[in-house]
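The numbering of the sequence shown is the numbering used here, which starts it at 94 and goes up by one.
Glycine residues also receive a C-beta, built at the ideal position from the N, C-alpha and C atoms.
What you are looking at is a predicted structure, and each value in this text was computed from that prediction instead of being measured.
Presented below is the structure to which this report refers.
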Amino acid sequence: MFEAIEMAPPDPILGLTEAVKADPNPDKINLGAGIYKDESGRTPVLSAVKKAERRLLDAEASKGYLPISGLPEYTEAARELLFGPGHKVVESGRAVTAQAPGGTGALRLAAEFIGKFAGEPRVWVSDPTWSNHYGVLGAAGLKTAKYAYYDANTHSLDFEGMMASIAEMERGDVILLHGCCHNPTGVDPSRDQWQEIAAAVADRGLLPLVDLAYQGFGEGLEQDAAGMVAVCEHCPEAFVASSFSKNFGLYSERVGALTAVSPSPDIAQRVMSQLKIVIRRLYSNPPAHGAAIVATILGDPDLRAEWEEELAAMRGRIHQMRRLLVDTLEAKGVEIDFSFICDQNGMFSFSGLSGEQVRRLREEHSVYMVGSGRMNVAGISPSNVDRLVDAIAVVLREKG
Ligand code: PMP
């Protein structure tokens with residue numbers, strides 16, 4: 094059987110990391126996969142994480158299985174981080190949370206659950222969206238459709254288009270919303286727009302699935318969750334797929350969570366009982382280490398304060414690099430106005446560069462970004478910005 098199998102194409106995002114590794118140019122610039130990097134291009138383990146790990150190493154008494162739904166201290170802390178302390182959705186017992194292997198695992202759980210219980214809904218995703226959304230939803234047998242989101246001419250949210258798309262969705266359809274730091278565009282709705290989106294989603298009887306993979310990378314922990322909270326306040330039912338890969342730098346530990354909001358505490362328990370069956374069949378129960386790190390940090394005021402500082406520093410550096418890139422483009426005489434890059438949120442920027450320009454950057458300048466023109470701004474540093482801008486200037490000048 095294996096003999097007939099054809100080579101699959103590399104992943105459009107993670108495949109880039111392999112291409113960067115294979116490039117011998119010592120000055121190569123990697124703006125590909127969404128991994129935070131510090132000024133020296135490293136992705137360090139956060140100090141709060143190291144401290145928590147030392148504690149865990151000393152205190153850990155067993156490697157027994159976790160419950161199917163995960164470490165209880167973790168799922169509770171993860172939910173509180175989403176909604177803030179004492180929020181009515183949580184206090185009322187309407188929200189249940191299952192630990193999941195990363196945000197991707199949480200999305201897959203939601204997709205499986207929807208495929209099993211929601212009939213044959215369409216799942217609406219933003220145009221554009223993270224490429225793996227199609228893969229994860231499709232793998233669970235769900236059909237996708239696109240809603241208007243990004244206006245390439247103004248480099249901003251096509252809010253009217255988005256609302257018009259929502260008005261055409263059918264009752265029972267699912268809408269996948271990026272909670273903050275939209276991937277790949279970096280363009281998010283404002284607080285007021287979120288209120289309108291949440292009301293429209295509730296009004297049309299849609300099931301929202303909020304993907305919150307970058308909480309704390311945009312404006313702050315609470316601000317970045319505000320859109321998701323508005324959706325959960327308006328809608329009787331909702332899913333939230335959250336991730337600690339980015340905000341705790343725990344990429345390799347696979348720490349995420351799926352929170353389901355239900356109309357009543359009784360329904361919430363039924364939903365959790367079914368989620369457990371889905372989990373048992375997919376991977377039986379989740380890995381412990383990353384969840385224990387997050388629970389330790391969120392449960393300790395000192396470690397939590399240290400983590401929040403480290404998160405603020407990551408956020409701050411990304412903002413600075415946006416500014417530096419725009420200023421350097423201007424200083425080097427690039428005539429196109431790139432100031433919109435400073436208005437975008439999170440790790441990514443939709444540069445507006447074409448597929449051909451992206452290819453030339455890669456092949457002629459060893460500058461790597463995703464084919465759509467998405468740049469990981471965290472890959473920029475004061476030491477590579479000049480080379481980056483020179484390369485961009487060349488491919489812009491020599492439009493072919
Ligand atoms: N959703 C979006 C929009 C993402 O960008 C990512 C990570 N690239 C994820 C989900 C999944 O993150 P994780 O690594 O936690 O699976």
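Where does residue i sit, in a helix, a strand or coil, going by DSSP?
i	result
Val-482	helix
Trp-217	strand
Ala-292	helix
Gln-450	helix
His-271	strand
Ile-128	coil
Tyr-240	strand
Arg-467	strand
Ile-98	coil
Ser-133	coil
Leu-139	coil
Ile-106	coil
Asp-281	coil
Asp-304	strand
Ala-318	helix
Val-354	strand
Val-460	strand
Ile-429	coil
Ile-434	helix
Val-324	helix
Gly-472	helix
Ile-259	helix
Gly-493	Residue confidence is low: Gly-493 scores 49 on pLDDT, short of 50, so the model does not pin down where it sits. No coordinate-derived value is stated.
Val-348	coil
Leu-250	strand
Ala-145	helix
Ala-152	helix
Ala-331	strand
Any heavy atom of the ligand PMP inside 6 Å of the beta-carbon of residue i?
i	result
Asn-276	yes
Thr-197	yes
Gly-127	yes
Trp-217	no
Asp-304	yes
Trp-223	yes
Gly-349	yes
Ser-336	yes
Rounded to whole angstroms, what is the Cα-Cα separation between residue i and residue j?
i	j	result
Val-294	Pro-301	7 Å
Ile-34	Leu-391	Limits of the chain in this structure are 94 at one end and 493 at the other, which puts residue 34 out of reach.
Ala-241	Val-218	9 Å
Thr-222	Gly-472	21 Å
Ser-345	Ser-338	8 Å
Ile-143	Gly-179	In the sequence as displayed, the identity of residue 143 is Lys instead of Ile. Roughly 29 Å between the two C-alpha positions.
Phe-210	Leu-299	14 Å
Asn-246	Ser-447	13 Å
Glu-111	Val-364	40 Å
Glu-173	Gly-349	14 Å
Asp-251	Val-113	34 Å
Glu-456	Ala-154	52 Å
Asp-266	Ser-133	45 Å
Leu-454	Asn-477	14 Å
Trp-400	Glu-289	33 Å
Thr-197	Lys-425	40 Å
Leu-418	Val-482	8 Å
Cys-274	Ser-444	15 Å
Ala-334	Ala-486	39 Å
Gly-409	Gly-313	10 Å
Ser-459	Ser-465	17 Å
Pro-416	Gln-437	In the sequence as displayed, the identity of residue 416 is Arg instead of Pro. If you take the alpha carbons of Arg-416 and Gln-437, they lie about 11 Å apart.
Arg-480	Gly-439	23 Å
Can you find the residues in the same chain that come closer than 6 Å, C-beta to C-beta, to residue i, ignoring five residues on each side of it along the sequence?
i	result
His-554	In the structure displayed, the chain extends from 94 to 493; residue 554 sits before or after that span and is not available.
Ile-258	It is worth fixing the name first, because residue 258 is Ser in this sequence and not Ile. Around Ser-258: Tyr-240 and Ala-241.
Leu-109	Gly-125 and Tyr-461
Arg-135	none
In chain order, what residues of the same chain lie with their CB nearer than 7 Å to the CB of residue i, ignoring the 5 residues before and after it?
i	result
Ala-145	Ile-386, Thr-389, Ile-390 and Leu-396
Val-354	Val-182, Arg-187, Ala-188, Cys-325, Glu-330 and Ala-331
Leu-164	Gln-192, Ala-381, Ala-384, Ala-385 and Ala-388
Gly-493	Caution is warranted here: a pLDDT of 49 is assigned to Gly-493, below 50, making its placement in the model unreliable, and the coordinate value is therefore given only provisionally. Glu-449, listed in sequence order.
With a threshold of 8 Å on Cβ separation, who are the neighbours of residue i within its own chain once the five nearest residues in sequence on each side are excluded?
i	result
Leu-149	His-382, Ala-385, Ile-386 and Thr-389
Ala-319	Arg-284 and Trp-287
Glu-213	Lys-236
Would you say residue i touches the ligand ZN, meaning its beta carbon is less than 6 Å from a heavy atom?
i	result
Ala-384	By its list of ligands, the structure shown excludes the ligand ZN, since it contains just the ligand PMP.
Return the chain-ordered ranges of every alpha helix (DSSP H) run that is complete within the region 359-410 and spans a minimum of 4 residues.
382-391
Mind pulling the beta strand (DSSP E) runs of 3 or more residues that sit fully within the region 176-227?
188-193 and 215-220
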